[in-house]
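Structure record follows, encoded as structure tokens.
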Amino acid sequence: MKKWMKLGMAAVLAASALIYGGCGSDKGAGSSAASSGKPIVAVVQLVEHGSLDLANKGFMEGMKERGYTEDKVHFDQQNAQGDQANLKSIASRFASEKPKLVCAITTPAAQTMANEIRDIPIVGTCITDYVTAKLVKTNDAPGGNVTGVSNLTPIEPQMKLALSLAPNTKKVGLIYTASEVNSEVQANMLRDYCKTHDLTVEERTIHNVNDIQQVAESLIGKVDIIYVPTDNTVASAMANLVKITDPHKIPVFAGAEIMAKDGALASLSVDYYKLGIQTGHMAADILDGKSKPETRAIEHQKEFPIVINKKTAETLGITIPEEIAKKAQMV
17 MKKWMKLGMA AVLAASALIY GGCGSDKGAG SSAASSGKPI VAVVQLVEHG SLDLANKGFM
77 EGMKERGYTE DKVHFDQQNA QGDQANLKSI ASRFASEKPK LVCAITTPAA QTMANEIRDI
137 PIVGTCITDY VTAKLVKTND APGGNVTGVS NLTPIEPQMK LALSLAPNTK KVGLIYTASE
197 VNSEVQANML RDYCKTHDLT VEERTIHNVN DIQQVAESLI GKVDIIYVPT DNTVASAMAN
257 LVKITDPHKI PVFAGAEIMA KDGALASLSV DYYKLGIQTG HMAADILDGK SKPETRAIEH
317 QKEFPIVINK KTAETLGITI PEEIAKKAQM V
């Protein structure tokens, strides 16, 4: 009987550990860092997918290049797994633990951190428009505790690439997540471009990845190409999207390079690893006292690499013009 009582108690303790453990993905608690005396830099990522993972990796490299290595700083890495409740819980813990700086990866992550934390520098990355997201007053003078690096890619060169590869395009499909501010900004840009270039837009919004199949199927026979902005939800389900579009010979053009690697025909976008490095350098400047979030202007990348998926091009029967192939990264 005593043996079974011990086993029962062990099961209860194990269950308690699961229930009361950290939210999201916890790669290191701040309390352990506090006891070691290391300053804490907190990092929160909305969800796992290629672009955000690259930005996170780049951020760590950028910090390392500036002397903020893991033997000197504790990096409290958190991943909300796409859950808003997790984001709020992470923000509350960061607010109580008082790290030296918070790096927020994506617009929802930055918004949640900014709503909870007002006295700690927040450096954002993978955010399209800081002003529209109400994170800063202006790009040149943020005015609060938030600044960062934008992943905005101008729509015109993206569409020029799309029309070069699909020159007979008249109807453009647009898929994005209704709740993502960054996606809405790019959707507006696409609508404006199409109005001035005699192109019609068939628009579909989704709420989660489960909507991808239905909206993709609803565009079959109605559009010549599909454009997807740097949308976190669609990016995580790109393989599901192209399974539907490829058999119907509808090329998908995407705002992030990882989407091309995952099956979209092509992308012209920022380099997310370099974006992360740029963010790490900005964070280091703030930690070094060289700048402050309220006066540090939002930064943008100036070069936008072309990524083309060779296998998708073959499936769609599209020949890549030589002048584009020379400049593109073929994956």
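Residues 17 to 347 in this note's numbering are what the sequence shown lists, from first letter to last.
Idealized CB from N, CA, C, for every residue including glycine.
Bounds of any alpha helix (DSSP H) do not take in S307, whose DSSP letter is neither H nor E. For the pair T144 and P263, the CB atoms are not nearer than the 9 Å cut-off.
Here DSSP, grouped into helix, strand and coil, assigns K114 to coil.
In this structure, A232 lies near T261, with their beta-carbon atoms less than 9 Å apart. Within the stretch 110 to 164, the complete alpha helix (DSSP H) segments at least 4 residues long are 123 to 132, listed from N- to C-terminus. Around E64, the same chain offers N95 as residues with beta carbons nearer than 7 Å, after the five sequence neighbours per side are excluded. Between L151 and A111, the gap from beta carbon to beta carbon reaches 9 Å or more. Residue L177 holds the alpha-carbon nearest to the alpha-carbon of F320 among Y209, D301 and L177. When the beta-carbon positions are compared, I324 and A282 come within less than 9 Å of each other. Apart from sequence neighbours up to five positions away, the residues of its chain that approach S108 with a beta-carbon distance below 8 Å are E132, ordered along the chain. DSSP places V323 within a strand segment (E or B) once states are collapsed to three. Secondary structure at N167: coil, using DSSP grouped into helix, strand and coil. Each of T154, I340, A194 and L206 was checked against the Cα of T311, and the nearest Cα belongs to T154. Spatial neighbours of S199 in its own chain (CB-CB distance under 7 Å, excluding positions within 5 residues in sequence) are listed in chain order as Y192, T193, P245 and D247.
In the three-state reduction of the DSSP assignment, T311 falls in the coil class.
For the pair N167 and E81, the Cα-to-Cα distance works out to about 21 Å. In the three-state DSSP reduction, K277 falls in the helix class (H, G or I).
Taking a C-beta distance under 9 Å as the contact criterion, G74 and K290 qualify as a contact pair. Every alpha helix (DSSP H) stretch that sits fully inside the stretch 59 to 114 and reaches 4 residues is listed by chain position as 66 to 81 and 100 to 113. DSSP places K342 within a helical segment (H, G or I) once states are collapsed to three. The alpha-carbon of E338 is positioned some 32 Å away from that of D69. In the three-state reduction of the DSSP assignment, K187 falls in the strand class.
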